[in-house]
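Position 229, counted from 1, in the sequence shown is what the UniProt record's numbering calls 229; the numbers after and before it change by one each time, with no gaps. Okay, structure first, notes after.
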Amino acid sequence: MTGEHGYDELAVGFALHALEPDDEAEFLRHLPGCERCALTIADTSEAMAAMARDLPAAEPSPELRERLRAAVASTEQLPPRPAEQPVPIIPVSAAEQTGPRPVPLRRVPSRTVLTRVLAAAAVAAVVGLGGWTVALSQSRDDLRSTLAAQEQVVAELTEPGTSTVVPLTTGEREVATVVVRDDGVHVVTDGLRRNDTSSEIYVLWGLGEEAPVPLGEFDVAGSQIGVRTVGSGATGNEFSGYGVSIEPGRQAPSAPTEVVATGQVTS
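Okay, structure coming up:
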């Protein structure tokens, strides 16, 4: 790829899962049919995957642990602070009372105290590295999962053919995008809460002048971006808007119960 493209930065931000809702909605409307943006996302995702594979181990070496323990053990301990002697009260004259009052001096910590604090902090850091290693491993797995989900979204949105892209919002926050293509209706989720698959399900509805029409059910396994195919393209193009509801049970009802997001088709 050569030259600049107005959506290059948005493509990189999409791959990094770092776009604001408005920017993501704009980019998802642009992405279908843009080969350059698809390549940019693929390149960025590949680089992030390589970083995830090559992250170094965070466990400190035994030598470092031993040096830190030795530093704490060899640190001089302060003797107990002696009890303060009471200061005798000396009467002063009225003239002496009008003189300037002495300013108390701020106590400066000794170098030994500072050394002890730093040594203790170093040991705390080493102890915390064990938890950091676990968190780092989890972050690596989350990154791989996110990259795989993004690759699936890009594959769905960049297939040849015309498409209608409709962002769905709840309040001012975008939580999903409906993509209507010739081969089917897809829902890109990015912010819907995880549903309990034993007792509830999400339903996509087609909205128009008549009563809402259920187009298909889907589940949301997590808050990360994902794509679900919920219906055929033949039925998806008949509506002026779309909505998503969360429903009790595992089947779409005849009418939506709790609508969580809606959006209108724009020409």
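Positions of the beta carbon are idealized from the N, C-alpha and C atoms, including for glycine. It should be emphasised that the depicted structure is a prediction, and the values quoted were computed from it without experimental measurement.
{"Query": "Neighbour-count burial assignment, R111, 16 or more Cβ in a 10 Å radius", "Result": "Annotation note: pLDDT 44 at R111 (below 50); position unreliable, no value reported."}
{"Query": "Counted within 10 angstroms of its Cβ, other Cβ atoms place S240 as buried (16 or more) or exposed", "Result": "exposed"}
{"Query": "Per-residue DSSP class, three states only, for S245", "Result": "strand"}
{"Query": "Beta strand (DSSP E) segment containing G171, residue limits", "Result": "From DSSP, G171 is part of no beta strand (DSSP E); its letter is neither H nor E."}
{"Query": "Closest by C-alpha distance to R193, when choosing among P256, Q224, V213, E238", "Result": "Q224"}
{"Query": "Proximity below 8 Å, CB of A252 to CB of P214", "Result": "yes"}
{"Query": "For S163, the three-state DSSP class (helix, strand or coil)", "Result": "strand"}
{"Query": "Those residues which DSSP pairs with E26 across a bridge", "Result": "For E26, which the question treats as bridged, DSSP gives no partner whatsoever."}
{"Query": "Cβ neighbours of F27 in the same chain (closer than 6 Å, five flanking residues each side left out)", "Result": "L10, F14"}
{"Query": "Contacts around V220, its chain only, beta-carbon distance under 8 Å, and the 5 residues preceding and following it disregarded", "Result": "T189, L192, R193, R194, N195, Y202, G226"}
{"Query": "Bridge partners - H186, DSSP secondary structure assignment", "Result": "V179, T229"}
{"Query": "Where E174 falls, given that 16 or more other Cβ within 10 Å makes a residue buried", "Result": "buried"}
{"Query": "T177 burial status per 10 Å Cβ neighbour count (16 or more: buried)", "Result": "buried"}
{"Query": "Residues bridged to V41 [DSSP beta-bridge criterion]", "Result": "Looking at the sequence shown, residue 41 is not Val but Ile. Answer is none; I41 lacks a bridge partner."}
{"Query": "Which residues DSSP lists as bridging Y202, in chain order", "Result": "F218, I246"}
{"Query": "8 Å Cβ cutoff met for G206 and E238", "Result": "yes"}
{"Query": "Residues near T170 by beta carbon distance below 6 Å, same chain, minus five either side", "Result": "V260, A261"}
{"Query": "Cβ neighbour criterion (16 or more within 10 Å) applied to G249", "Result": "exposed"}
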